[in-house]
Amino acid sequence: MAFGRHERVQFSKIYSLSCFRPSTSEEHGQIGQKGYSRVVYCNDADNPEAFQLRYRSNYVSTTKYTAVNFIPKSLFEQFRRVANIYFLVVAFVSFSPLAPFRASSILFPLLVVIGATMAKEGVEDWRRRKQDIKANNRKIHVYKDRSFSESKWKDLRVGDLVKVYKDEYFPADLLLLSSSYPDGICYVETMNLDGETNLKLKHAFDVTASLQDDNSFHKFKAVVKCEDPNEDLYSFVGSLCYNDQQLSLSLQQILLRDSKLRNMEYIYGAVIFTGHDTKVMQNATDPPSKRSKIEKRMDKIIYILFSTLISISFIGSIFFGLRTNRDLNHGSYGRWYLEPSRTTALYDPKRPVLAAFLHFLTGLMLYGYLIPISLYVSIEMVKVLQSIFINQDQDMYHDETNRPARARTSNLNEELGQVDTILSDKTGTLTCNSMEFVKCSIAGVAYGRGMTEVELALARRKNVEPLDVGTTSSNISGSHGGIGNSGKAIKGFNFRDERIMDGEWANEPHSDIIQKFFRVLAICHTAIPDVNKHTGELSYEAESPDEASFVIAARELGFEFFERTQTSISLHECESGVKIDRSYELLNMIEFSSARKRMSVIVRNADNQLLLLCKGADSVMFERLSKDSQPYEDQTKNHINKYAEAGLRTLVIAYRPLDEDEYMAWEKEFLKAKTSVSVDRDDLVDAASEKIEKDLILLGATAVEDKLQKGVPECIEKLSHAGIKMWVLTGDKMETAINIGYACSLLVQGMKQIVITLDSPDISAIEKLNDREAIAKASRESIEKQLREGRSQLDLTKSSSVLFALIIDGRSLTYALEKNLESSFLEVAIDCSSVICCRSSPKQKALVTKMVKEGTRKTTLAIGDGANDVGMLQEADIGVGISGAEGMQAVMASDFAIAQFRFLERLLLVHGHWCYRRIAMMICYFFYKNIGFGFTLFWFEAHASFSGQPAYNDWYMSFYNVFFTSLPVIALGVFDQDVSARLCLKYPLLYQEGVQNILFNWPRILGWMFNGLLSSMIIFFICKNSTIHQAFREDGHVVDYEILGVIMYTCVIWAVNCQMALSINYFTWIQHFFIWGSIFFWYVFLVLYGYLKPEWSTTAYRVFVDACAPSPFYWMTTFLVVASTLLPYFLYRAFQTRFHPMYHDEIQRRRSEGCELAEPGELPGRVKDKMDHLSERMKHSYREM
Amino acid sequence: MSSTPSAAAAADSLRRNSKRPKYSRFTQQELPACKPILTPRWVISAFLLVTIVFVPIGLASLFASRDVVEIVDRYDADCAPSGSTRDKVRYIQSIADKTCNRTLTVPKHMKQPIYVYYQLDNFYQNHRRYVKSRSDQQLRSQSHENDTGSCKPEDNANEMSIVPCGLVAWSMFNDTYSFFTNNSQQLPVNKSGISWKSDRDHKFGKDVFPKNFQNGTLIGGAHLNKSIPLSLQEDLIVWMRTAALPTFRKLYGRIEVDLQAGDVINVIMQNNYNTYSFNGKKKLVLSTTSWLGGKNNFIGIAYLAVGGLCFLLAMTFTIIYMVKPRRLGDPSYLSWNRNPGGH
């Protein structure tokens, strides 16, 4: 196992202590060539060459639009949607006589919709802009006219000299010239770049470090040649030409924009990259754009509506053509009142085909109300509001890290309710990633008495009561210094063994080895000590939590690391109760990398002995041990295996005394490798280090525990009850992974394991032959066989309720992901309730995610916290980042960020379920209301000889989608909840409604459409038949075109709004306000519109006040129609809840009957039985799928 | 990782810039809400409620409709020579005298006011070409006399604007009726107030007089008296208020005396209007009104039908719930396999 198994460990490169200094004026390979062409003249603004370069200013804009391009660009974005294009075309055509309505009434809703979306974009962009303005106007001290004067960030130019004070942000990417420390070092915090809170050390060149005060810059001139702007945070290639000296630059001298100066008075720097050229800006990318399955299906529905639109226009135009044709009957005109003899092409009975075609176009416009123009904008608004709810959820706020949940994109809210498979990282996701030193093995003796959670789970599994429960690490949770200690918790240290603590180690048989062991821990690391001035307490800034735990462990055992300088490391060593300060001269450091999996330091101790101290993963360390006598090798291996079983991360500790000559020879080579400026530098360094890291002498091994996060087992159990399958993709060893699996309830008692591995004797026999093809062939065959066996095991137990777990290791995975095995692997994997992939690389993680996503065609969710999970997060349908200790890369790549794994439960089961339900309902309802309205127009057409005369006043129609029906549906999308959050969590099976897409399947969508059709028929035919030709008032007036329009439209408004009231489950005052408000608003509108001048109100002139309102007939018709349109849906629901209730109906019923309140805690037995029964059935249904 | 040097201070500052979401019932989605669900009691009471409300309304409307006395007389066939459509068209287009006598018998006592309607059938006043062919501006004020752009093809004749322009005005109904009692006493028909007041007052100008009307090559329907302003030409105002459906009635006038059961009324009419070209019927209708308007049983029947249906459903559900009460927590209702979809 590696300490700090992440890619970002490369960051340690910025902290390589400069025991050597490239001072030669070597050729820097690519500098000056393509990609490395940047030239910066420091403090030389008047230089004509500098003037010519015209690098970008330090003005930063993160906005999507500018004032100039906002309108064209956002309009372009709008009209990428088919529906909007359609409406735009209609709006243009509406100026022609083809249009059934006035152009303004078509343009208006389009403008409202487009305007609303643009306003939303604009507001979002304005917020970004305000942030930009703030950032651009921050103050910085710039060297000008022999002094540093204050200036704004945006006015900074490439080559300027700046002075940055403590706790200020760097305004651009700077070259560190000197600091308030004489040796030119400085500490920076890179929180804004990568989220890491630890300090990083930067180091200026000696030649510039002497520039100590403002005046010394008077004559300073230098030229930097370096790489072009790029987004790689972890490398920098360049050279500095100063005082005729050529110095090669590395990331050590570069201070990146948006990181912060810490612990220093001030630094001086030269600006190299400004504005958008800085690395942090180059890194700023939009979160990946993903679309939810519901939205994809919604597009299909839109196409269905378009085809409906086309077909009814077509039908209409045929009838119109026939009817128009009949107007010319044997030379005489039928409907003389239309004057067919003097007509235009639109109605010409002599050319009925042309008239029909033109009418078809009219029809396309007239029935445009079938397409819900406001659907997209409504959904967008709803989703933004939903995201706010997710962000505001107190139950997903983590106190310790002060982080609430963040929906980074609002596109995928409803997708959260449909997750079928979760792919999870382990470290930092399921576990805390705060390492605690719990055990060690020194000289073949195991120390450390605590028991890990995994061990407890293991013991439980074997039905052995843990012997001394009192000492379990879970009990002391996070730490006591040890027995006899005042009980003060020490973070990162949970070790206790009276044999070696409190200086007792000196009495152990191998005390010298114990001493060496802890010295290695205290010296071989990259941590920086940090003394708190007030309390005098010592803490460490370390690169990885593992490393911190080692240094802390060494400190607790009497090897206190307290000072680090450029060239030395100093310890307080306790020897028989006396504190002795020992200093070690630090000669070289060979850093950790995920490829090397080890790190070494070379030091010279006080006795002038040269020592190589090394720690690393067992897989690389054992092969580098000296061939002769390693007395404890077997015991140590044994212990390491045990530790791994207990779910601990192990490292092997070794050392090697060096002799001077060998070292001198090697150092030369290493230095050369290290200072070479070329692409293969890393390889050269690796090769050089390989030469010295050999013939090591084993000291022992460490074991640190990565604790499970709070609530992880419970959460996983809940999610599995919800029918969500869980895959864990981890870099751990198989044994560790399996044990962790048990500890976090991923694997449970009675589960059958299908293990696929290549660690079999035959394979290793072939491996010894070192024939690559043979290995591959044999591996492939072996995996195929194992998969077949797994398949047959699954088939055998199909009928019984045995659960399976699949465990596969990284090497096997490589083959299993190949084309020909992929499908059989997937088949086995999806039949297992949990899958663990061990030893998997980041790339494999992404590949597995892709395979699951594409193989099952169901929604996958990936969750992870580190840079190594980024691929996986981006590949999955939903990426959830844990904003933990690991930096922000995962969060930046994710769609949702939560602080703890356990919040996933709430995110999915509550918010996911609700959002899914809301969006599904909302879309269905949208189609309902638009079909219900659109078809009344069609029925009216049938009674107007399909001439294209709309049944209603133009403006009634324009306002339909915008005012009369929009707000209730948005309220539905934002607020509706079928059952409360508590019940969502209590009955996780409810989540299956989303997974199986029950609320948005085709029968349901078509059902709603049919309901719309039915409503339109009821509305039209009741209105028509009840008003047919008799008087509708006592004073003898009859219903005419204007009045029928009002009656029908009133019925439509009532019907769709009441339908909404009937179908929502959650009536707060907001819903009441919007639903009844919309209806009320219709009347208000009608009155106000009717009081406009007759030129404007046309057919609506005083129609309500004078004609409709006084007529009891009008109100009675409305009442009749509303009741009748609601009846089908109500009846359907009544039958459904009686005979075929959905799961939420059942829960709602239980709630209303008070079963819920009676038993707040444990599930009642009956319900429990039901749940068991259900999960049983579910499992079968999965098998069948 | 290391512990923070000044943990207390940090924790303090943390509390100050805590990002903990503020609690409100709104943001935590815990607003008090009513959560209606369809329990058996709810379903049955809803159905019964509808029944209880709808049946009385239905009966009341039926009674209202029954109280209305209506005389409908179709005369288009009888008032034209029998024969083919072509013959009838030729007849109606001729200049012959088209007086026609009809006799109506009052079936029941008719209380005044008795409304006189003409009913046309298969006449598409809602045709887009027809509806659009008018100029509201011109009708409203004299100054817009030449605002005839929307009136095509009846916008101008002899290179002069037509007032009122458009197909609607041009095709105005021009049959006339006179009513006589058995003893040849004329029953006066009051034609004032048959149009909507808002139309008279605001849509038809007092200063707009018919001009150049029916002067074109094709004569449509009625002629207008050039000396009466449009706001007083109520027949025109009624006609201009286009009908919604191809079968429609329009108010012709009011008879303001009671008619007794068995009374015989002679109608002398001028059968001028051509509905023969498009096979439209013409009817003369005399009708009283109730609080609900004219005679139409549909709304009453519909109310009764919905009420009755709901009663039946209430009964059905009662029986279902009584015979086969739903056992709480019956798992057989909760299988995902069986539930392919639903609302």
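Chain order of the listed sequences is A and B. 1 is the number of the first residue of the first sequence in our numbering; add one for each residue after it. 1186 is the number of the first residue of the second sequence in our numbering; add one for each residue after it. Note that the Cβ used here is the ideal one computed from N, Cα and C, for glycine as well.
At a cut-off of 8 Å between C-beta atoms, B:ASN1311 counts as an interface residue with respect to chain A. Distance from the CA atom of B:ILE1505 to the CA atom of A:ALA829, rounded to whole angstroms, is 46 Å. Across the set A:TYR928, A:ASP214, A:PHE1080, A:ILE1070, the C-alpha of A:TYR928 shows the shortest separation from the C-alpha of A:TYR1129.
For A:PRO529, the uninterrupted beta strand (DSSP E) segment begins and ends at 528-531. Here A:VAL142 is buried, its C-beta having at least 16 other C-beta atoms within 10 Å.
The beta carbon of A:ILE580 lies closer than 6 Å to those of GLU573 in the same chain, with the five residues before and after it left out. Judged by their CB atoms, A:ASN243 and A:VAL207 are nearer to each other than the 8 Å cut-off.
Contacts with chain B at 8 Å (Cβ-Cβ) do not include A:GLN253.
Under the Cβ distance rule, A:MET922 does not count among the residues neighbouring chain B, no pair being separated by less than 8 Å.
Closest in alpha carbon position to A:ALA703, among A:GLY994, A:PHE550, A:ALA899, is A:PHE550. In this chain, A:MET872 is not harboured by any beta strand (DSSP E); it is covered by the alpha helix (DSSP H) spanning 870-875.
Along the segment 1333-1344 of chain B, going in chain order, the ones with a CB nearer than 9 Å to a CB of chain A are LYS1337, PRO1338, GLU1339. Inclusion of A:GLY973 and A:ILE919 in the CB contact set at 8 Å is warranted, their separation being smaller than that value. Per DSSP, the beta bridge partners of A:HIS203 are A:ILE185.
Not a single CB atom of chain A sits nearer than 8 Å to the CB of B:CYS1350.
Interface annotation, A:GLY334: in contact with chain B, CB-CB separation under 8 Å. Shown here for B:ALA1429: same chain residues with a beta carbon closer than 7 Å to its own, the five before and five after excluded, namely ASN1311 in chain order.
Classified as buried, B:TYR1260 has 16 or more neighbouring CB atoms from the shown chains inside 10 Å of its CB. One thing to note: A:ARG326 has its Cβ within 8 Å of the Cβ of A:GLY334. In this structure the segment 1451-1460 of chain B does not touch the segment 1044-1062 of chain A; the number of beta carbon pairs closer than 8 Å is below three. A straight-line Cα-Cα distance of about 24 Å links A:TRP126 and A:ALA897.
Pairing B:LEU1289 with B:LEU1471 gives a Cβ-Cβ distance under 8 Å. A:GLU563 has A:SER570 as its beta-bridge partners, per DSSP. Around the CB of A:PHE273, 16 or more other CB atoms lie within 10 Å, so the residue is classed as buried. Only residues of its own chain outside the window of five on either side were considered, and among them ILE140, TRP153, LEU156 have a CB closer than 6 Å to the CB of A:PRO171, listed in chain order. The Cβ of B:PRO1266 sits no closer than 8 Å to any Cβ of chain A.
Rounded to the nearest whole angstrom, the CA to CA distance from A:ASP399 to A:ILE304 is 49 Å.
Contact with chain A is absent for B:ASN1331, since none of that chain's Cβ atoms lies less than 8 Å from the residue's Cβ. At a cut-off of 8 Å between beta carbons, B:ALA1428 contacts chain A. Taking 8 Å as the upper bound for CB-CB distance, A:GLY912 and A:LEU416 are in contact here, some 3 Å apart. When the alpha-carbon of A:PHE933 is set against those of A:GLN52, A:LEU366, A:ALA765, the nearest one is in A:LEU366. Cβ-Cβ distances below 8 Å link A:LEU699 to ILE442, ALA443, ILE513, LYS516, PHE517, VAL520, ILE653, ALA654, TYR655 in the same chain, with the five nearest sequence neighbours on each side left out; the list follows chain order.
A Cβ-Cβ distance of about 22 Å is found for the pair A:CYS837 and A:LEU908, leaving them out of contact under the 8 Å criterion. Residue A:TYR815 holds the alpha-carbon nearest to the alpha-carbon of A:THR757 among A:TYR815, A:ALA665, A:ASN136, A:ILE371. Contact annotation for A:THR1098 against chain B: ASP1321 [CB-CB distance below 9 Å, chain order].
Residues SER1246 of the same chain have their beta carbon placed closer than 6 Å to that of B:ILE1484, with the five preceding and five following residues left out of the count.
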